[in-house]
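There are 6 protein chains.
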Amino acid sequence: MKTSVVKKITFCAAHRLHNPEWDEATNQKVFGKCNHPNYHGHNYELHVKVTGEIDPSTGFVMDLNVLSDIIKKEIHQKFDHKNLNLDLEEFKNLNPTAENIAVVIYNLLRPKISEHLELQIILYETPRNYVIYPEK
Amino acid sequence: MKTSVVKKITFCAAHRLHNPEWDEATNQKVFGKCNHPNYHGHNYELHVKVTGEIDPSTGFVMDLNVLSDIIKKEIHQKFDHKNLNLDLEEFKNLNPTAENIAVVIYNLLRPKISEHLELQIILYETPRNYVIYPEK
Amino acid sequence: MKTSVVKKITFCAAHRLHNPEWDEATNQKVFGKCNHPNYHGHNYELHVKVTGEIDPSTGFVMDLNVLSDIIKKEIHQKFDHKNLNLDLEEFKNLNPTAENIAVVIYNLLRPKISEHLELQIILYETPRNYVIYPEK
Amino acid sequence: MKTSVVKKITFCAAHRLHNPEWDEATNQKVFGKCNHPNYHGHNYELHVKVTGEIDPSTGFVMDLNVLSDIIKKEIHQKFDHKNLNLDLEEFKNLNPTAENIAVVIYNLLRPKISEHLELQIILYETPRNYVIYPEK
Amino acid sequence: MKTSVVKKITFCAAHRLHNPEWDEATNQKVFGKCNHPNYHGHNYELHVKVTGEIDPSTGFVMDLNVLSDIIKKEIHQKFDHKNLNLDLEEFKNLNPTAENIAVVIYNLLRPKISEHLELQIILYETPRNYVIYPEK
Amino acid sequence: MKTSVVKKITFCAAHRLHNPEWDEATNQKVFGKCNHPNYHGHNYELHVKVTGEIDPSTGFVMDLNVLSDIIKKEIHQKFDHKNLNLDLEEFKNLNPTAENIAVVIYNLLRPKISEHLELQIILYETPRNYVIYPEK
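Respectively, the protein sequence lines represent chains A, B, C, D, E and F. The opening position of the first sequence corresponds to residue 3 in this note's numbering, with each subsequent residue numbered one higher. The opening position of the second sequence corresponds to residue 3 in this note's numbering, with each subsequent residue numbered one higher. The opening position of the third sequence corresponds to residue 3 in this note's numbering, with each subsequent residue numbered one higher. The opening position of the fourth sequence corresponds to residue 3 in this note's numbering, with each subsequent residue numbered one higher. The opening position of the fifth sequence corresponds to residue 3 in this note's numbering, with each subsequent residue numbered one higher. The opening position of the sixth sequence corresponds to residue 3 in this note's numbering, with each subsequent residue numbered one higher.
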């Protein structure tokens with residue numbers, strides 16, 4: 003039977019939701035106040051879940067300190083205290099919705115974590131809105 | 003790969019647990035203080051999870067503002083500041099346990115959400131008791 | 003310098019807000035959905051704060067297990083899984099607002115706690131509404 | 003003895019910390035990553051505390067629905083999904099630190115709340131940083 | 003469709019991570035400060051999830067008071083205010099990582115819960131680290 | 003009017019409550035399971051509150067990054083992943099109750115923080131027990 007381990011971290015970032023192929027009225031209609039041109043922001047709470055077998059010599063699925071270092075280097079340094087639309091190459095042509103941020107984080111972490119471990123991202127945009135990727 | 007989005011809301015309601023086909027002693031034995039005839043109540047915390055593909059034009063699985071409006075209209079108006087046993091048709095012949103409340107909420111929301119999206123209800127009755135329906 | 007110790011417990015109860023000296027329209031206008039005649043309910047989260055000097059032989063202001071037993075006996079047994087309006091003598095002629103519940107709890111606990119210790123009640127009615135009595 | 007009632011709300015905003023009278027190096031040294039020119043953001047959690055006597059006819063210090071409406075109109079509409087530096091007149095010449103945001107919110111709410119009630123602002127910038135104004 | 007019910011409890015325990023087959027330097031390198039010889043400790047938050055069909059006569063998957071009594075007897079009495087390494091037979095030859103604690107709890111509870119119900123353990127070691135066993 | 007800023011951190015430690023001047027039966031009677039000889043442990047959540055005037059050039063009462071560095075150096079390095087009874091000189095002759103831990107933390111931090119700022123310690127031993135020192 004498999005076991006999962008989860009590490010939670012927080013990052014603070016600004017963003018706005020916008021589709022450049024639409025006119026202003028459509029953007030406003032679809033994204034509402036999230037389309038505000040001067041940006042707004044969130045304390046994003048990120049859970050990184052890694053699933054696999056427990057290594058009998060350590061009792062770990064994966065050392066959470068190692069996982070924590072990977073998340074700090076690959077995600078926290080890149081996302082924390084940044085403007086997702088302006089500062090991150092990944093969102094130059096991708097709308098920074100919570101769903102897309104979760105996919106981007108997954109794609110950044112996936113190559114850094116052993117292939118025989120599964121990876122799942124849970125991302126809270128606010129205490130009342132969150133996303134899960136990939137969902138089983 | 004699928005993605006889930008989750009919206010959380012709170013509603014406050016009174017209820018009691020009771021099976022009218024049983025005598026008082028059996029009700030008391032099975033349901034204990036939850037059987038108290040004058041009712042008691044909870045701040046129910048409801049998570050509504052919707053699972054599907056990310057729409058590339060919006061970056062959304064489903065617009066959480068639309069989901070929020072559906073939950074307000076179909077669930078919050080019906081359940082909040084109500085007595086579940088006395089005020090809701092759905093519990094006239096159904097014991098309002100957390101499990102049954104979750105099933106009723108699922109059945110109320112299912113027809114309002116696109117068929118190609120999956121739906122799951124997570125319902126906290128207290129910070130220490132919660133239910134999930136349907137479980138995979 | 004003084005030190006405070008705080009014990010938190012939860013109780014679940016039904017209530018309604020109502021002033022019997024007012025007509026229905028006034029009650030509805032002032033108390034809104036909290037006036038619903040069939041009651042609604044909450045998970046009340048109660049913090050009991052006791053302030054005094056640290057006893058050098060124990061390192062305690064007051065033994066929290068003793069405080070916990072007093073709260074269970076005087077408050078939890080009386081309030082948990084009850085209808086505050088119908089079941090508690092204290093609210094026969096007193097509207098069970100969060101403010102008044104805090105005052106009632108204070109008055110029930112005050113005689114059970116040593117006179118040279120100060121007492122303060124913090125009561126969450128919902129995660130977004132709370133009261134403090136007495137405020138300094 | 004006085005009683006306090008507290009209402010909590012959340013708003014999401016972008017900001018940056020910056021003193022225009024300092025050169026870039028000093029701003030960077032003092033404010034670190036909070037000085038990032040493209041802004042970052044937070045889910046601010048605001049507690050508004052009002053202190054006074056309980057009105058015996060209502061059992062309220064102040065009707066929390068009335069307080070909630072005042073907060074929505076005076077604070078939430080102005081701060082939520084905004085860039086504090088660019089969108090709010092109040093921060094044109096004032097650095098939007100959590101301390102200064104709390105003072106601004108106090109000054110906006112003070113004239114809207116009865117003079118015989120005391121007012122205090124508690125503002126969480128992140129789950130690990132918060133401010134209180136005025137402190138007693 | 004299946005439904006899950008979850009009960010949360012907390013226990014407080016001391017532990018250290020250590021592999022007796024390794025020398026001190028390797029233990030220190032792999033387990034870091036968790037290897038501290040005098041032990042450290044945590045408030046473990048345990049979620050016990052039970053999955054099955056809702057019994058139409060009770061509206062319960064499983065009576066949470068019964069589940070709660072089983073958890074108190076089999077887990078809380080054994081783990082709370084204990085040193086996992088020194089006091090529990092189960093960890094005499096097993097490193098008390100969060101993963102292994104979850105497996106031990108699963109194995110203790112599994113025989114006490116009806117065979118036609120599924121069981122899953124979610125265990126928070128800190129608010130920022132948690133494990134799930136078995137993961138689907 | 004004064005303003006407070008608060009920084010929260012967590013540390014994990016083992017301890018036991020014990021008065022060496024008492025016999026075993028008295029220790030057991032007063033401290034119950036907290037007297038367990040092999041220790042138990044907690045995730046302590048520490049709030050450090052600093053109160054003073056807002057500096058108009060920074061908008062800060064005190065730079066929370068500076069405060070955070072002081073707490074890491076003076077408290078976190080000393081307390082985290084330690085056994086309070088065995089590893090800390092301060093508890094060689096002092097019972098490590100939450101009250102006494104708060105006083106020790108206050109005394110360690112007080113000389114490191116500007117004299118014209120007030121200091122207060124709030125320490126959660128569990129999510130349901132906490133202490134405040136000094137209380138006003």
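We put the beta carbon where it would ideally sit given N, CA and C, even for glycine.
Taking the alpha-carbon of residue i as reference, which of the options has the nearest alpha-carbon?
i: Val7 (chain A); options: E:Ile103, E:Val8 and E:Lys84; result: E:Ile103
i: Val32 (chain A); options: B:Asn21, B:Asp57 and B:Phe81; result: B:Asp57
i: Ile107 (chain E); options: E:Val50, E:Met64, E:Lys4 and E:Asn131; result: E:Val50
i: Leu125 (chain D); options: D:Leu86, D:Asn37 and D:Ile11; result: D:Ile11
i: Glu117 (chain F); options: F:His78, F:Asn87, F:Glu55 and F:Asp82; result: F:Glu55
i: Asp65 (chain D); options: D:Ile115, D:Asn85, D:Asp25 and D:His44; result: D:Ile115
i: Glu101 (chain A); options: A:Cys14, A:Tyr132, A:Ser59 and A:Leu110; result: A:Tyr132
i: Cys14 (chain E); options: E:Lys35, E:Glu23, E:His44 and E:Trp24; result: E:His44
i: Lys35 (chain A); options: D:Leu110, D:Asp71 and D:Lys84; result: D:Lys84
i: Ser59 (chain E); options: B:Leu111, B:Thr128, B:Lys9 and B:Asn95; result: B:Asn95
i: Ile123 (chain C); options: C:Val105, C:Asp71 and C:Trp24; result: C:Val105
i: Asp89 (chain D); options: A:Leu119, A:Glu127 and A:Pro39; result: A:Pro39
What residues from chain C crowd round residue i, counting only those whose CB sits closer than 7 angstroms?
i: Leu66 (chain D); result: Asn131
i: Val52 (chain D); result: Per Cβ cutoff of 7 angstroms: no residues; Val52 (chain D) is ~10 angstroms from chain C at best.
So with CB distances below 8 angstroms, who are the chain B contacts of residue i?
i: Glu26 (chain A); result: In chain order: nothing, as chain B lies at least about 16 angstroms away.
i: Pro136 (chain A); result: Met3, Lys4 and Thr5
i: Ala104 (chain A); result: Thr5
i: Asn97 (chain A); result: Thr60 and Gly61
i: Asn29 (chain C); result: Under the 8 angstroms cutoff, chain B gives no residues; its nearest Cβ is about 14 angstroms from Asn29 (chain C).
Could you tell me which chain C residues have their CB closer than 8 angstroms to the CB of residue i, listed as they occur along the chain?
i: Val128 (chain D); result: One detail in the question is off: residue 128 (chain D) reads as Thr in this sequence, not Val. Correct list: empty, because the minimum Cβ distance to chain C is about 18 angstroms.
i: Gly34 (chain F); result: Asn67
So, using beta-carbon positions, are residue i and residue j closer together than 8 angstroms?
i: Asn163 (chain E); j: Leu19 (chain E); result: No statement about residue 163 (chain E) is possible, as the shown extent of chain E runs from 3 to 138 and does not include it.
i: Lys62 (chain A); j: Thr28 (chain E); result: According to the sequence shown, residue 62 (chain A) is Phe rather than Lys. Not a contact, by the Cβ cut-off of 8 angstroms.
i: Ala16 (chain C); j: Tyr46 (chain C); result: no
i: Gln30 (chain A); j: Asn37 (chain A); result: yes
i: Lys4 (chain D); j: Pro136 (chain C); result: yes
i: Leu121 (chain B); j: Val52 (chain B); result: yes
i: Leu110 (chain B); j: Ile77 (chain B); result: yes
i: Lys138 (chain C); j: Lys138 (chain D); result: yes
i: Arg130 (chain B); j: Lys9 (chain E); result: yes
Mind pulling the chain A residues with CB within less than 7 angstroms of residue i?
i: Ser59 (chain B); result: Asn21
So residue i contacts chain E; which residues on that side make the cut at Cβ distance below 8 angstroms?
i: Lys84 (chain F); result: His38, Asn40 and His42
Can you check DSSP and say which residues form a bridge with residue i?
i: Lys9 (chain B); result: A:Asn131 and B:Val50
i: Lys4 (chain F); result: D:Glu137
i: Gly43 (chain A); result: A:Ala16
Taking Cβ-Cβ distances shorter than 8 angstroms, what residues in chain A pair up with residue i?
i: Glu101 (chain E); result: Thr5, Val7, Ile56, Gly61, Phe62 and Val63
Please list the partners that residue i has in chain D, where partner means a Cβ-to-Cβ separation under 8 angstroms.
i: Leu88 (chain A); result: Asn40
Just to make sure I have the definition right: I need the residues of chain F whose C-beta is within less than 7 angstroms of the C-beta of residue i. Which are they?
i: Lys10 (chain C); result: Arg130
Considering only residues of the region 47 to 128 of chain A, which uninterrupted alpha helix (DSSP H) runs meet the minimum length of 4 residues and lie entirely inside it, listed in chain order?
-> You should have 66 to 73, 86 to 89 and 100 to 111.
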